[in-house]
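In this note's numbering, the protein residues as written are 169 to 317.
Take a look at the structure below.
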């Protein structure tokens, strides 16, 4: 509930809903044209339930909503460990572990819902988790500038 109070000044509406509650999700999305899926399993949380089951529920209800764009925040961990070598989006995913496999299945589930009416974008983030890796700190040096890529 603490996160709700932090988000309320930034959004028109903040709602807590379990990703598997299809009727609740469908109702929340009835007046939305964009959906940002940014979830986290938390400590001891189930990746499969949090990510994949949420995506499966969304896949089942999106056609019943006016949503035109879905943005899913994923992870670069899908590429596995390349021992410090460059990794690009042109490389095939190489998940190393159950969590990365679930994340890849989640991406595919959401991408499969894409249609001429509803686009799906997967945004793979890297290096934002762990001590000292807050987004504000990471990106504050780049604020107001245009970055390549």
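Glycine is no exception: its CB is placed at the ideal position from the N, C-alpha and C atoms.
Just so you know, these numbers come straight off a predicted model, no measurement behind them.
Going by C-alpha positions, residue 186 is about 25 Å away from residue 285. If you draw a 10 Å sphere on the C-beta of residue 243, you find 16 or more other C-beta atoms in it, and that means buried. Relative to residue 228, the option among 170, 308 and 282 whose CA is nearest is 282.
Just so you know, the alpha carbons of residue 197 and residue 258 end up roughly 33 Å apart. Per DSSP, residue 243 is not a residue of any alpha helix (DSSP H); the beta strand (DSSP E) it occupies stretches across 237-243.
For residue 175, no beta strand (DSSP E) encloses it; the enclosing alpha helix (DSSP H) starts and ends at 170-175. For a cut-off of 8 Å, the C-beta gap from residue 235 to residue 202 is around 7 Å, short enough to register as a contact.
Unbroken alpha helix (DSSP H) runs of no fewer than 4 residues, entirely contained in the stretch 246-303, are found at 266-279, following chain order.
Residue environment: residue 275 is assigned as buried (16 or more neighbouring CB atoms within 10 Å of its CB, all protein chains considered). Here residue 193 has 185, 187, 225, 226 and 229 as same chain residues with Cβ atoms under 8 Å from its own Cβ, once five neighbours each way along the sequence are excluded.
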